[in-house]
Each structure stands twice: as structure tokens, then as C-alpha cells.
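Number of protein chains: 2
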Amino acid sequence: MNKNHLSLNRILTALATIAVLIPCGGADLSDLKPVDSWKNVARGIWTASLGDMGGELRYTQFAAAPPKFEVLNDLSDSKFPFAPDEITYNLTPDNKILLRIPTLADETLYGFGLQLDGIKKSRKVLTLNVDHWSKGGGRTHAPVPFYISSRGYGVFFNTARFLKIYNQIGNRKDSLRNPPEVDRNPPPDEKQSGPWQALPQGDAVEAQINGEGLEVIVFSGDSLLDVVCRYNLYNGGGALPPLWGLGFWHRVHAHSNADQTDHEVKQFKDRDFPLDVIGLEPGWMSKSYPCTFEWQKKRFPDPAGFIGDLLDKGIRLNLWENPYISKHSRIYEKMYPLSGSHMVWLGIVPDYTLPEARQLLTNQHLQDHFGISGYKIDEVDGYDFWLWPDHATFPSGVSGEAMRQSYGLLMQNMLYNDLFRKRNVRTYGLVRAGNGAASGYPFVIYSDAYDHSQFITGLSTASLCGILWTPEARSAGNGREWLNRMQTVCFSPMAQLNAWSSGKKPWSYGNVTDSVRDVIKLRMRLLPYLYSTFADYHFKGIPPIRAMILEDGFSKLQDELINAKLDSETNPYAMGRIIEKTDQFMFGPSIMVAPFYESQAIARQVQLPAGNWYDFYSGKAVGGNKSITVTAEDLSDRIPLFVREGALIPMLTKAVNQSDKAYDHPLEVRFYGKTGGSFTLYEDDGRTFNYEKDLYRLRQLTVQKDQTGHFKLSETITKQDGPALFGLIEKLIVMTQ
Amino acid sequence: MNKNHLSLNRILTALATIAVLIPCGGADLSDLKPVDSWKNVARGIWTASLGDMGGELRYTQFAAAPPKFEVLNDLSDSKFPFAPDEITYNLTPDNKILLRIPTLADETLYGFGLQLDGIKKSRKVLTLNVDHWSKGGGRTHAPVPFYISSRGYGVFFNTARFLKIYNQIGNRKDSLRNPPEVDRNPPPDEKQSGPWQALPQGDAVEAQINGEGLEVIVFSGDSLLDVVCRYNLYNGGGALPPLWGLGFWHRVHAHSNADQTDHEVKQFKDRDFPLDVIGLEPGWMSKSYPCTFEWQKKRFPDPAGFIGDLLDKGIRLNLWENPYISKHSRIYEKMYPLSGSHMVWLGIVPDYTLPEARQLLTNQHLQDHFGISGYKIDEVDGYDFWLWPDHATFPSGVSGEAMRQSYGLLMQNMLYNDLFRKRNVRTYGLVRAGNGAASGYPFVIYSDAYDHSQFITGLSTASLCGILWTPEARSAGNGREWLNRMQTVCFSPMAQLNAWSSGKKPWSYGNVTDSVRDVIKLRMRLLPYLYSTFADYHFKGIPPIRAMILEDGFSKLQDELINAKLDSETNPYAMGRIIEKTDQFMFGPSIMVAPFYESQAIARQVQLPAGNWYDFYSGKAVGGNKSITVTAEDLSDRIPLFVREGALIPMLTKAVNQSDKAYDHPLEVRFYGKTGGSFTLYEDDGRTFNYEKDLYRLRQLTVQKDQTGHFKLSETITKQDGPALFGLIEKLIVMTQ
């Protein structure tokens, strides 16, 4: 029955492999073939292509930069993590491609993009479609088809297709590693070999797409973190935002005009609150939903003057837009033939795989938005009943499905490259959908979901797959919640208050106003530390915010516990609890953040990894490899922060209210530890892409004990091709008591 | 880019149509082609095939019987409901088939199978995959791809593929019927043409599959009911259960043995509760989950004797099974090569499209289960993490996806035909998944969902697509809920108590025991009426239980209201409320049922259609075309039942506790109305398929006023090729006061 259903390519594949097919009248146990085309493309990285990739979109073709081979090839030469024939595939007669990757019984899988319902994805079926976040199941704003395994490898499905993934769910009848059959309803006198299981353990990840070709990339490394770093490096390295992007962000009401916006900016100054970026919502356009991308002159009669005045005050302007174009836009007529069959909110959907379409938009943007620092790209996710249907057609021939999976990426790619990088001006912005190979884009994902616990989980899951995520604050039921949310936001990739709809300001909850101001100012003081953290993301692939499972002392602990089969009653590190520990995370190399949230609003448990850890504020040693309780009262309403042994934290000596004022600002270095440590402070101009031309500076800071037993700080400039950014180090503060 | 991605068939199609393709460098507005292959296959029925159906499964190939052309061609010659070129399609390069069926702005769509969240499916995106019921969105036990339109036609997608349906959602940019653009954020002084809409009205149903071919069937008729009847007749007519199947059913605990089962049967007798069928749950097998289908001899040492003893008492035995076969089954070895690549609960999954597989199972069943009345086929639905993955392969070459969509149907097809029909013995059973073209199968769908309101909705939605559904009772929080649920069950296709797990019996809630007994006995008294109702299903396609929108006086009312644009404040029949009215339904030709449930547990609103309606119990006229309130108190805790003008309700003069005792039992006829009416009483042997050979009897009952103004009943045997079933009519009771 299948002859007519094979594509040309499949027929060729079939002819090539026909010699090994077992003719059979019964079960076709030869439905799986080994993947035998593995190519080692960099240290610890192998690719293989199944079927015909000719007409398929790969996420890597949208990456911000080519692979950083020079960095990758300095890493260890990690081994391919599978036996040669162990990964198998099948091109089914109904145009599905199945890839089967074996797993062991004690193997745990993590990742699959920005998942807000937990980091552990073993024994789940996931549908990896771009979507609003709602109920899990895989659909999310950034369903990156990349997972990492507790066995120390990662797998990336490099395809802009909907993926359906069966993680250790499903038992092939020809597997030799199935659990034994157990009778669920034995007579009372019959003993069973074990309890009946509703979901018998599967022994593989089985991933499928409807498509003609699939590229798969395997990453191996010395640790889970190493695997993630190689993923980021292969995708061009992580994003390096401009320094101002790491300051504080605020958005005004959709119907605000120029005067009202200026007034809000002034309020921040009057109340001594930091502010680097102000964002406008849809009302800035002449028409929105669908959009014109042209200024609403009644609200903003002199856009250039308005933007210039803000820049004079050190404030950058960010513009909301969604990509769907109104009949009233002057680019509508030309864009019409370059857009897809279906509209979104009655606006046409440009096909930005076409150079003409990109040029039309970016020319218009350049002309109308000169001086804008970046964009907030809304509604490129959307449930099925928003956006275009999966069968929509586009003039380039790219399928509606592939376009949905990659539209957020495409927008980032176009704006980043054609609008900013081309002009050697950095940007930082927001977008509501991302996907694979996005590591290099200075865009953070945001969501209409608003569960604080899920928002914190997002910081961990995003870190596994080259995604930046902001748990932005919008509103709160009371001052305590407001403070807790603002604290979390200040320890995320983008510290943004997005309360345009609720009208909330940082000072809207009187009883916590000072604490809110304190945490924003703490973020500003941490700019030197944070900027270097992002440089590590860019140059080494190390995620700036990291899930605890990427920390050595944390994941090794787990492994030990699994082996020891410890009891959760007598030991607080039981597997289940630790693996799912997504309510604390790393912020840069040395700071562990454990926000208060929801049910844990004023007191919570913190799981300390192995090693010595210190309270950030007091320097008090708190131990390691154990669980402790922290309270808001003990911390004077500050966010719980813990620092690892040997850490140097370079900070501004005083908070500034704008990142521009951090330039040349004197520094202090806080040191936590018993014997010494070091930190590489990264500096560049903070605003351009000159760092790509090697124009940056590295200041190696080292703390060690001198002969009298006192800690001393030394500084060496190990690379000085770029400008200075921060000022001199004024003091070393040894925090350890 | 697409050349390599076209299948051979698509290349041929493309070559054939290339002359009409418009070459273009920009937007390809020629992506849709008109469907021009419509064939009129019966009165009011047209089919068209897109792509290549050669390797595709159609649901109609699993229908219980061929189309009833002889009946269809006696119906009116309804017109094709679309302009000739109006329905369009697209075979996309990525193997999707899209079908586009235009709709008008005021058109409402209903159906798409057993949907428990409402009957109206306009402006929704549905994924029609077989699944456990959970949260809607289309996935359900019987996601029949058939819908009906308020404009009086129906569309059936005759394919065992996953379907994604965009109902009036999505706006093509080249449509001439899009709503106007409205600015969502106008400046305060600008007036808009209307409110901004989050979901602009679409003007079509767009349905897509991943597959090579798609058959679509359009049904047209004089009314919505007529459209549904033609759907059922095209699929072979509705199911006619054996008479005993319409009696009362009960299931014993999974671990019950023969003595315990006998004891439960005896309890029904001792307490004067009707019982026709007793069901065994998994523990009857030697191993279950996965299954052997062989008797557990410790619990049932003498199956034949046990079955025979029950039959002597007039009790039929029904056996639970799921299809997944244990290594301990004696057919396992032979079935292994005839089964799919993946297991379910570690049992192999036979490919019942293969004759050898069917024979293996049915031979084993015949041998081991002789005397069994039927089966309860469990777990052929299942979430993604149960059952086999979509990419599973089967030895016949049928895809895992098609197998999932049709497995429930396949099981019905095999058991009905190979096990029962072949032996000229009728069966009635349960199954947890169905799909298109299932009208003829004497199986009811059931679910683990347990929301009483949803269960009632299911009675309506199932009626639109040839599905029988039972809102079986399992347990209840209190006596009131128990009574309400048992009442609903007794006015459904199968009156089953499935409380094996909770251990509940009909008499478990003392305060309502008499009322529960009353309603079961009422069902037994209604057997003559109900059996004729099912005969109408079989011979004429009229669903035995019907959604109110299929009633003339109900849907016409809606149309009037839409035209009149009446206000919901001043008129209780406002469109929104009536369209969603799924908490009442028709039971047979003349009885409208409005159960008490949940929030409406003891008092509720009932919407009376146009015409005169009467209280079933008292005969009191209650009016028509209005909403009334009924209370449990006024009805002495009986279920609200209303009878239409001119109805004759033939009943047994007294309740019997087993259907066997209804044979030759004298009848009474209740009459409700002002001038007269008639009823055709259907009779056959109640047990065999002889009715298919025309061996049945029709008794035409007529009530009219004689010259003195008194109502008189007359009876004429209009067909007498079969045996008598019920006895003589003892009395006419004129209910109207």
C-alpha cells in the first residue's frame, strides 16, 4: 500500500537500503534503521541528517552568529555518548520521521525549552509547538527542542517543525530492556514480582515530526553545564546586551502621550528610583492591532524631539509592536504580495524569510524610529485561535507550521542584524516567542502567565537552552507580593516593571517602597559583576542565570543520593525534591538566589550545594550540602542571596540611577571565602559591536592571603584591546566573618 | 524548494493542474483550488476525493453495514448546499491537505463527535484525536469528524487521520468577507466603526490533515435532523440492540468470584430491582493488564456452568477486556508477528486490519467465552502517555495515527461481525473509543470523566454523529446526586450502574432507594416505546436520544430570535442561551427529558419547544415555546419528563424485572394531546439478526376522537413478517386533563 506514498527522496533511501530489509509476512521488526551518518563537527558535537533537509528550515540558519569553533576546539575532546548503532530512525510511509535515542533506567532528562511547570522532563510526552503558555504538555513561548541528560550529554533537534516527544514513555515489543509484566488483578493468594505500574518505564526518547528531513545534533561534555555551554557556543555564543539593557526598565500605559511619558520618567528621578529604559505600548502607533509602525501624531507630535529629549536624560526608548500590518501602513501595499495567505487580527503577516520583505520593514523602521533602542515584539506565540493556521501558505514556500515555530526567531534575526548590528549599535529587547539556536539574541522572552513560582521555574528552564527570560512584574495582591516579585525581577536577565495596564509603579505599595528601591539599586551596583557574567555567556557559552542542576555541587549530590537510595524521611536531599528544585537559581558565577514567593512569601527552605556558602549581605558562613531556612525578617526584607566559597563580587561603590553613570565609576570588590579566589572583569564600550572585533579589556582580579595572613587584592590587565568601562577599584571588602 | 518534497501522486496532480496555476513572483493567491470532483452518491449526499486515497483508511470501510440506499432514495432530493466552486482545497508541499468550506456570518456549527463541553462548535479550533476526555479542544473518546450547520447541511471528513479544524477562525487576506479593521488604541477623540474584536469572525471551516488523501462527504436535507438521519443511513443505519440490552446493567468488583457475582445477582432479586446484564471487570482473567482473555480459574472454576446458571436466571454476562495481550495468553506467540511495534501496558497490540489476527482472537473468544452476551472494551482511547505513540508501526502498514483513530471502531467491527453477527446472535456492549461511520454498532461509549452536567451534554453531542453514549453512574456524594444520576442513566442508551470500584448498589443511598427503583422500573415499562425508538434508528437513521437543536420547534425558534435580534433581558429565549441548551434532550420520538443535576439538583429551568407539551406523569398541559421551572418536590422526586402534542407512549402495563418477561406482556398506551396521533410499534424476536432479512412486525397504533368526542385507539398490523414480541394492548390511557 505504500508505494504511492513514498516521496522521491524516500524511494531513493529505500532503494539504497533495500539489501538490509528483512522480507517478512509478519511483523516488520526492521522498521528502525541505525543512524550511521554522524559527523563530528566540533569537539563534543556530532550532527546527522535523516531524510532530505533541502526544503526544511533549521533553527541554526537563524542563529545570531556562526559556531564559535575556535572556543569549542579548545575544550576537552568528549566522547560520543552512545554506541555507534544505538540511535535509530524510521521514515514512515505517512511522512513521519521518527528518531529513537536510547536511555537508561536511572537516566533523567531536563530541558525542552522555556517550560514553566518544572525542569525534569523524564517520562512525559511533550508537544513542542510555539504557543502561549497555558497548561504545560510542551507548548510554550520557546519550546526549544534541546534536552540534556543526567548522563552528561544533550540532544538538539535542529528543525523548525512541530515535534512530538515521547520521553521514556512507550515500550517497544522488541526491546530487551522492558520491565517485567505484572498482573494487576491477581487472586488474593498470588504474590507478584512488584507493584503494577500505570506507566511502565520506557527505554528511549522517541521524537517525531511530519516532515521530509531532520537534523539532529548531539552534544557531549564534562558536565551538564559543559554540554549547555557547547550548545550555546555552537549557536554563536550567548547574547551580550548593552550595559544600559541591564539597568531598570518601565513601561507606560498604552494610551500615554509624550507629556505623560516624560512625567513618568520625571517621577522616577524625583523619587530616586533607577531607570534606564522606558517602553511605549501599542497606542504610540497611528493604528494598532493591526499595526502601522508609524507614530500616532496626536500623542507624539514630534517623535524625534521626544526621543532626543529622553536620550539627553540618559533614558532609552523601547517600542512595542506586533508584526501584523494594517491597511493604513504605507508599506502595506508593497508588503501584501510578500505576506502569507492568512492574516492575524486582520493584519497581513510578512514572510521575513524574503529579503524584500525584511528590507521594506527595516527601511521603514529606520526612517520612522531613528534613535529607538529596541523593540518589544508581542504576539508571535498565540494559541491556535490566534496567529495563522498551520496550513497557511507563505510566498517563499515555507510552511505555516515552520513559520509558526520560527517567527519569533525570524523577527529577532531581522531586527538584530538588519536594524542594529548593521549600524554597529547594540539593542536589548523583548519577544514573546523564541526557539532553537537563539543563544546569541539580546531578546528576553516574557509571558502573560503570571504565577510567581512558575516565573522562577522559567529562569531555570530557560537557562538550559540559550533562552533569556524575564519574570517581569505587573501587579500584586499586596506589598509583600510586590516586593517579592520585584526582587525576583532584579535578579533576572531583564529587570522590567511591565505594569502599564495596572498602572502600578515601583512605589505603588507604600510599605515596601524602600525595600523595592534597595533591590533595584543593588542590581545597579552589581552591574560590573553582571556585565562580566553576560560576557561569559557570549564568549564561553555560560548561561548568566542558571538552573541548580547545572551546578557541580548540586547535581553530584543528586547522583550520590540516587546510588545510596537514601530515605526522604531521614535525609532532606531525597532525589525527588532536589531534582525538582527550581525555586532557586544561580545569578552569575557565584551568587545563588532563593526568592521568596507565594506560599513561601516570608520564610523558605534553601538547598545549599556542596562546598562553603556565605550570606551575601553579612558574609556569614551558612554551610553547604544541606537545607536551611531563611526568613524575610532575618534578612530585613531583602532577597536571600548566597555566595560560594572563593567568590569575588565586583560592584559599584555606590548605586547609580542610570547605567551611563556606571562608566568610570569606582568599584569595590567583595570577597567571600577562606583562602582566595579570582574574577575576570570584562569591559568594552558597552554600546557597540566592537567587542566582536576583539576590542575589549579583561581585568584579572585576584584575592589571596599575604604573608601576614591578610587578604590582598591584585589586579592585572590581561587583555587591553578595548576601552575602560568601569573605574578603579577603591577597596576590597572581605565579607567572611 | 518543493520539488523533492512532492510525492509521486502529488507530482501527477501538479502536472494535471499546472495549466491553471498562475506563475507569480509574489504572493501565491492560487494556493486554493476548487474541489470539482463532487459525485452525487445518494439523495442529498455528495462525495469528493482529494489526493490519493489508495493507502488511506476511511471510516466508512469499518461501517457495520453498507449504505441504506433504498431508504435514502425515498427521501427528498435535497440540493447541494454550496456554489459549485465554493469548496476549495490545497495539497501543501509539506504533505498537509487543507479543505476550505465557506460559512456565512450568521451560521452556527454543531457536532464533531462526543464533545462533553458543549454542542456549539463555531469559532473554535479543534484537534480531533482519539483521547481520554479531559479539557476539550476536540480530543475525546469519539472525535467524529462530522459537523452540521444551522444552514441545514453536514460535512463528514471520511479519514482515519488526526484532523485539525479551524471553525470560522482565521481570516484569509484574499477573502472578500472579512470584518473591517478597527483600531484598538485610537486617540480619545477618534470614533471607531465598532468595537475591536479579539477574534475577528472567519468565513470558513478550514480542515487539515497530514496525509496523502482525503475523502469528504456533504449531506444536505430538509432539516438538521434529516441531515443527521442521512449520515446514519449512509453509514448503514443505526444500531438495533437486543431487547435485553435495554434493561438494567450492573458490574461487580474486579476481584469478585463466581459466588460473589451470584450473590450480587440475588440481591437485585431480593430487593426487587430489575437486572438484565451483569458485568465482570478485569479480575475474571488469568492475567490482566496486559490480558490473557482466559478465565481466572481460582475465581471462576466452571465458567460454562456459571454462565449457564446466570442465563437460567435470565441474566446475561458481559466481560471487560482491553485489547493488549499478555505473554501468558495462549494466542500470544501467534499474535506477536501480527502486532504493532509498541506495547500498551506491556501487552502486544494486535493489528486487527489483518484477517489472521482477527481470526486468532475471535476463535479464542468463541472457545473460551461461549455464552457471553458481549464485551466492555476498555482503554482504546488513552492520553498520549498511554496507548502507542503516533509513530508506532503495524505489520499491515497502517500508520500508528490511523490505528489510534480507528482502533475502537476496529474492535467493534471485529466483535460485532466475526463473533456475533456471523452466529446470528445480537450483542450490546461498551467501548471507550469510537469514531466516524459507527452508527450501526451496538456499543455505547463511556468515560472516566464524571461531571454530571458534561455527561448530559454528551447525550446531545453524541446524537449528532451516530454515537451511543452512556452517562453511567459510579458513585455520588449524597442520595440526591445518586438519584439524579440514576435517573439520567435510565434515559440513556444504556442504563448501567458501573460502581464496581466504589461498591455502590442501586440501594446504597437509603433515602432514595424507592425513587431509584421507580425510575429503573419506569425504564422497563417503557421497553416497547424504547425498542421502537431504536428500530427508527436502524431503519430511518433517527437517533434514539437527540439534541434539542434537532427538534423543529426548538431550532426554528432560534432562527426567529436571531432575525428579530431580541434582547436577552426581556426574553428568556435569547440566542446564546438556547443554542447552548444541552441539559435537556429527546428520548425517543415524543419524550423530552430534563434531568436534575449538580447546581440544578432539585429545581431547574426547562425550555419547552414550540407546540403543546404535557407533563409525562400527570398529563397536565405545560405550554410551549417558553421556559418553565420544575422542582423535585412537585414531581415527587421523579425525573422531569415532558411529552409532545399527539404522542402515543406504548408501555408495559406493569414493570418487569427482566426484559425476557416483557415478551408477550400486555401493554397500555398513554396518549397526550388534543386531537389524536399515532405510533408505529416495532417487533421482532429481540435477539437475532433476522430483522435484516425483513423478519419483523409493525403495529400501527392510532388514537382519534370518535363521533361522541371520546378518544379511541385502533391497531393495524401493517407488516407481519416477524414474530410477535409484546402482548396485546390492554388499555388506552388518555393522559391529557
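Chains as they are written, first to last, in my numbering: chain A, 1 to 737; chain B, 1001 to 1737. For each residue, glycine too, the CB sits at the ideal point set by N, CA and C. Small disclaimer: the values here were computed from a predicted structure and weren't measured.
So is residue i buried or exposed if we call it buried at 16+ other beta carbons inside 10 Å?
i	result
D721 (chain A)	exposed
Q741 (chain A)	No answer is possible for residue 741 (chain A): it lies beyond the span of chain A, which begins at 1 and ends at 737.
N1318 (chain B)	buried
L1246 (chain B)	buried
L1557 (chain B)	Unreliable placement is indicated for L1557 (chain B), whose pLDDT of 49 sits below 50; no coordinate value is reported for it.
G1623 (chain B)	exposed
P1242 (chain B)	buried
R1432 (chain B)	buried
Y263 (chain A)	Contrary to the premise, residue 263 (chain A) reads as His rather than Tyr in this sequence. By the neighbour-count rule (16 or more Cβ atoms within 10 Å), H263 (chain A) is not buried but exposed.
T1653 (chain B)	exposed
Q168 (chain A)	buried
D31 (chain A)	buried
Over what stretch of residues does the alpha helix (DSSP H) that includes residue i continue unbroken?
i	result
I1520 (chain B)	1513–1525
D1270 (chain B)	1258–1270
A65 (chain A)	Where A65 (chain A) is concerned, there is no enclosing alpha helix (DSSP H), given that its DSSP letter is neither H nor E.
I456 (chain A)	452–462
F306 (chain A)	303–312
Among the options, whose alpha-carbon lies nearest the alpha-carbon of residue i?
i	options	result
T1261 (chain B)	B:W1500, B:S1373, B:L1214, B:D1536	B:W1500
G40 (chain A)	A:Q61, A:K79, A:R58	It is worth fixing the name first, because residue 40 (chain A) is Asn in this sequence and not Gly. Of the listed residues, the one whose Cα sits closest to N40 (chain A) is A:K79.
Q197 (chain A)	B:G1202, B:P1595, B:D1272, B:W1345	B:W1345
N158 (chain A)	A:N363, A:E264, A:P200, A:A207	A:A207
K1376 (chain B)	B:Y1416, B:Y1352, B:A1083, B:V1398	B:Y1416
F596 (chain A)	A:L419, A:L116, A:F268, A:S453	A:S453
G1211 (chain B)	B:G1677, B:E1401, B:T1362	B:E1401
G340 (chain A)	B:D1451, B:R1251, B:K1173	B:K1173
D1052 (chain B)	A:N478, A:D94, A:C229	A:D94
T1060 (chain B)	B:I1217, B:I1649, B:N1073	B:I1217
F1268 (chain B)	B:N1257, B:S1256, B:H1255, B:R1251	B:R1251
W1388 (chain B)	A:I165, A:F616, A:H141	A:I165
N511 (chain A)	A:R480, A:D634, A:Q704, A:G111	A:R480
State the start and end residues of the unbroken beta strand (DSSP E) segment that holds residue i.
i	result
F711 (chain A)	711–720
L1317 (chain B)	1316–1321
Y1089 (chain B)	1088–1091
Y147 (chain A)	146–149
So residue i packs on residue j, CB below 8 Å; how close in whole Å?
i	j	result
G1283 (chain B)	Q1296 (chain B)	6 Å
M1651 (chain B)	L1526 (chain B)	6 Å
I1097 (chain B)	L1050 (chain B)	6 Å
K360 (chain A)	M343 (chain A)	In the sequence on display, residue 360 (chain A) carries Leu and not Lys. Rounded, the Cβ-Cβ distance is 17 Å, inconsistent with contact.
- Task: For the segment 1180–1193 of chain B, enumerate the residues whose C-beta is nearer than 9 Å to any C-beta of chain C, in chain order.
- Result: Of the chains in the structure shown, none is chain C; the protein chains are A and B.
- Do the segment 1515–1529 of chain B and the segment 1470–1488 of chain B make contact, defined as three or more Cβ pairs closer than 8 Å? yes
- Does the segment 174–183 of chain A come within contact of the segment 232–251 of chain A, defined as at least 3 CB pairs closer than 8 Å? no
- Query: Do three or more CB pairs link the segment 1363–1379 of chain B to the segment 1114–1122 of chain B at distances below 8 Å?
  - Reply: no
- At least 3 beta-carbon pairs within less than 8 Å: the segment 303–316 of chain A vs the segment 266–284 of chain A: yes
- State whether the segment 644–654 of chain A contacts the segment 583–601 of chain A, with contact taken as three or more CB pairs (one from each stretch) at a distance under 8 Å. yes
- Task: Count the C-beta pairs between the segment 372–392 of chain A and the segment 125–138 of chain A that are closer than 8 Å, then say yes if the count reaches three, no if not.
- Result: yes
- Message: Below 8 Å, how does it come out for the segment 212–230 of chain A and the segment 393–412 of chain A: are there three or more Cβ pairs, yes or no?
- Response: no
- Task: Decide yes or no for the touch test of the segment 1694–1712 of chain B against the segment 1433–1446 of chain B: beta carbon pairs closer than 8 Å, at least 3 of them.
- Result: no
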